[in-house]
Amino acid sequence: MSACGAGVAPLMAIHCRMASCLLLNATWEPLVLLPVRRGIQLVLADRAHAVEVRGSVFRSEFMSIEVPIVAALNEYVRIPESMCTPAASRSNVLVRDDNRCGYCGDKAQTIDHIVPTSRGGAARDWRNVIAACHRCNVTVKQDRTPEEAGLSLVRQPFVPTRSDLVLARASQHSELRAWMRRSGFASAA
Ligand SMILES: [Zn+2]
């Protein structure tokens, strides 16, 4: 069956460029968001099975397969401890905070160090970084603490798990968000 993958690859390249597949561990722990063509390849290789399909089918000269938007590994994969807490990178902080400013709730474009690094605040500590809009961060707060700038946090920053971020990223896709809601994943709320 996997030998047929080469035949279907050109179709995937054309149709799957923008789609995503949520990959779950065998225990249904969210692992990663993949290009949907990669999800199809895992199913074809018998390393995963489809949990939710989109309702469209990829066909090649040799086979056809329903497009998985959620797939689960057939065998459990242990995630190393060092990979369980993701880095507090700019993109990860924006995902954790749903692209919302931690001071006013508007759309965020930047990351703010709550206690500025110039004042001893930790640069890579999840609890010292928050998504912020340009106005709150650059115009109002500048190189000050929230108290000094007259700002207050509308939510407290927290240390997310790897799964938290995977679900947050998945929830940005409407079809995955609908599946997450039906399946009881809290982050889909
Ligand atoms: Zn703001």
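0 is the number of the first residue of the sequence shown in numbering that gives the first Met the number 0; add one for each residue after it.
Just so it is clear, CB atoms sit at the ideal spot from N, CA and C, and this is done for glycine as well.
Note that the structure is a prediction, hence the values are computed from the model and not measured.
Quiz item: When DSSP builds the beta bridges, which residues end up paired with Cys20?
Solution: Per the DSSP secondary-structure output, Cys20 pairs in a beta bridge with Leu33.
Quiz item: Are the region 44-53 and the region 64-80 touching by the rule of at least three beta carbon pairs closer than 8 angstroms?
Solution: Judged by Cβ distances under 8 angstroms, the region 44-53 makes contact with the region 64-80, as three or more pairs qualify.
Quiz item: Who are the Cβ neighbours of Thr116 in its own chain at under 8 angstroms, not counting the five residues just before and after it?
Solution: These residues qualify, in order along the chain: Ala122.
Quiz item: Based on Cα-Cα distance, which residue from Ser182, Trp178, Phe184, Gly183 lies nearest to Ser19?
Solution: Trp178
Self-check item: Counted within 10 angstroms of its Cβ, other Cβ atoms place Arg77 as buried (16 or more) or exposed
Solution: Result: exposed.
Quiz item: Does DSSP put Met179 in a helix, a strand or coil?
Solution: Residue state, collapsed to three classes: helix.
Self-check item: Exposed unless 16 or more other CB atoms sit within 10 angstroms - verdict on Ala188
Solution: Any reading at Ala188 must be qualified, since the residue scores a pLDDT of 42, below 50, and its modelled position is unreliable; the value itself is stated next. Exposed, because fewer than 16 other Cβ atoms sit within 10 Å of the Cβ of Ala188.
Practice problem: Within the same chain, show all residues whose beta-carbon is closer than 7 angstroms to that of Leu30, passing over the 5 residues directly before and after it, in chain order. | Solution: Leu22, Leu23, Asn24, Val165
Practice problem: Reducing DSSP to helix, strand and coil, say where Thr109 ends up. | Solution: strand
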